[in-house]
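Q: Okay, here's the structure, questions in a sec.
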Amino acid sequence: MSIILLAVGVFIGAAFIYHHIVVKGKKCTSKAELHGKTVIVTGSNTGIGRTTAINLARRGARVILACRCKQRGEAAQEDIRRESGSNQVVFMQLDLGSLESVRSFAETFLKSEPRLDLLINNAGICMQGRTKDGFGLMFGVNHLGHFLLTNLLLERLKESAPSRIVNVSSMAHNFGKIDFDSLNTHKCLGLGTSSVRVFQIYCDSKLCNVLFNHELAKRLQGTRVTCYALHPGNSELGRNTSSLLHVLLKPVTVLFFKNTVQGCQTTLHCALQEGIEPLSGRYFSNCTVRELFAKAKDDAAAKKLWEISERLCGLVRVKALLNTTRILRSLPKFYKLVYDPPPKPDVIQHHKTPQVQETQHVQTVVSGFRVVSPT
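Here the sequence shown is numbered in the working numbering, starting from 196 and rising by one per residue.
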């Protein structure tokens, strides 16, 4: 019995030392003040997102709490205002599992807020299901919703540059893979509801975050908007597990995982640390840039994921319409826009003179719009 007690004591002692040396980790050292800056933090009513929002509000930022649940979001707004001592904390409803909600949020934000200095894509979920648009829940919430949100807000970020995008991923991305066939066929990263499958799909969604960040950095070159992916620490993803499992795991999480204050330090580092702009597109853990496995910085996979994501959330159609609009602006006012439902190349019929007609094909993916001159 004494040997068992000794072994338990040694284990607890070792765990305690591990917790204080390894788990606590580094702290964000930036003293940056954020007065006059505007920040969006998704999933900021709880966990690491909430603690991040409190810290940024204390630094003087105008903080937008982008949360799914209106009741919880409004409660968080009051709590964060009280804890930070700032009244520049505003709740705006955002359901990342609904593309319509993402578009509505972006529209509301762009109408009401003149600048955006920092976008923190923090929200995450670890459970199976389907979004309102029929996508796998973890793919839809953890990746696609943030992908659309970021793209819809990019121009405002560019206008407010220098600005940053922080994508909260996880070390779990190391175990992930992207099943593009499943995305195209089932609109999800994988099927199955067993604990093993759920965790695997969560890992897959976190790999999506890192690949998205990798491709985004390429597309942002020269804009003075930078982006970073990171592994935070503990979060409240475990709230989606059963209450019994949650209780059983509590001692383990206390000893071996960061609390929310410790867990948000790398998020704050990526958001605020001076001089890391040349590291745009990189991955951070414990406030330190880390090397990635080849699959997490695969140019072809990142580009493919971007293109599929554009198609799935409808950005391809928006870009096609914008291209058509630019063409319209360059033509005389008496030309008109005609819509043909079947997808096909746009056709511009431009009469230079009554005798000469010139036809130009404009390559877009799916538009169905034609600009024609009056007969």
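By construction, the Cβ of each residue, glycine as well, lies at the ideal position given by its N, Cα and C atoms.
Computed from a predicted model, the values in this text were never measured in an experiment.
Do R254 and L229 count as a contact pair if the criterion is CB distance below 8 Å?
A: yes
Q: For the candidate residues D274, P427, S307, whose alpha-carbon lies nearest to that of V220?
A: The question names Val, yet the displayed sequence has Gly at residue 220. Considering only alpha carbons, the answer is P427.
Q: Taking 6 Å as the limit between beta carbons, can you name the residues of its chain near N282, skipping five residues before and five after?
A: R276
Q: Can you tell me whether DSSP reads Y534 as helix, strand or coil?
A: Since pLDDT at Y534 reaches only 47, below the 50 mark, its modelled position is unreliable, and no value is offered.
Q: Just how far apart, CA to CA, sit Q266 and E273?
A: 11 Å
Q: Looking at F330 and C398, is the spacing between their C-beta atoms short of 8 Å?
A: no
Q: From G340 to K453, what does the alpha carbon distance come to, in whole angstroms?
A: 26 Å
Q: Tell me, to the nearest whole angstrom, how far the beta carbon of L289 is from that of A261; I am working on the premise that it is less than 8 Å.
A: 4 Å
Q: By DSSP, does F300 sit in helix, in strand, or in coil?
A: The answer is helix: DSSP assigns F300 an H, G or I state.
Q: Is the distance from the Cβ of S364 to the Cβ of V405 below 8 Å?
A: yes
Q: With DSSP as the reference, identify every bridge partner of Y397, one or two as the case may be.
A: In the DSSP output, where bridge partners are listed per residue, Y397 has none listed.
Q: What number of angstroms, rounded off, separates the C-alpha of R477 from the C-alpha of R419?
A: 15 Å
Q: Can you tell me whether DSSP reads C262 as helix, strand or coil?
A: strand
Q: What span of residues does the alpha helix (DSSP H) with F330 cover, start to end?
A: If you look at F330, you'll find it isn't in any alpha helix (DSSP H); DSSP assigns it neither H nor E.
Q: How is N317 classed by DSSP in three states: helix, strand or coil?
A: coil
Q: Leaving out five residues on either side along the sequence, give the residues of the same chain with a beta carbon under 8 Å from the beta carbon of A270.
A: N240
Q: On the DSSP letters alone, give me the boundaries of the beta strand (DSSP E) that C482 sits inside.
A: Unbroken run through C482: none, as it is neither H nor E.
Q: Look at the Cβ atom of N316, then the Cβ atom of N362, and state whether they are nearer than 8 Å.
A: yes
Q: In the DSSP assignment, find the unbroken alpha helix (DSSP H) run with H187 in it and report its ends.
A: For residue 187 there is no data in the structure shown, the boundaries of the chain being 196 and 570.
Q: Less than 8 Å between the C-beta atoms of T326 and G292, yes or no?
A: yes
Q: Kindly indicate the opening and closing residues of the alpha helix (DSSP H) around R359.
A: No alpha helix (DSSP H) holds R359; the beta strand (DSSP E) holding it covers 358-363.
Q: Since F286 sits in a beta bridge, which residues does DSSP pair it with?
A: L260
Q: Let's see if you can read the secondary structure: which residues bound the beta strand (DSSP E) around H426?
A: 420-426
Q: According to DSSP, what are the bridge partners of T233?
A: R257
Q: Is there a C-beta anywhere in chain D that falls below 8 Å from the one on P427?
A: Protein chain content of the structure displayed is limited to a single chain, and chain D is not contained in it.
Q: Excluding the five sequence neighbours on either side, which residues of its own chain have a C-beta within less than 6 Å of the C-beta of R310, listed in chain order?
A: T233, S355
Q: Does the Cβ-Cβ distance between T461 and N481 come in under 8 Å?
A: yes
Q: Restricting to Cα atoms, I'd like to know which of A367, K413, E410 is closest to I396.
A: A367
Q: Assuming contact is defined by CB atoms lying nearer than 8 Å, are I284 and V258 in contact in what I supplied?
A: The amino acid at residue 284 is misidentified as Ile; the sequence shows Val. With a cutoff of 8 Å on beta-carbon distance, V284 and V258 are scored as near each other.
Q: For F300, does the count of other Cβ atoms within 10 angstroms reach 16, so buried, or fall short, so exposed?
A: Counting of Cβ neighbours within 10 angstroms places F300 among the buried residues, the total reaching 16 or more.
Q: Between G360 and L352, is the Cβ-Cβ spacing less than 8 Å?
A: Going by the sequence as given, residue 360 is Ile instead of Gly. Against a cut-off of 8 Å, the Cβ pair of L352 and I360 comes out as a contact.
Q: In chain order, what residues of the same chain lie with their CB nearer than 8 Å to the CB of S377, ignoring the 5 residues before and after it?
A: So the qualifying residues of the chain are C383, L384, G385, L386.
Q: According to the Cβ coordinates, are G417 and I243 closer than 8 Å?
A: no
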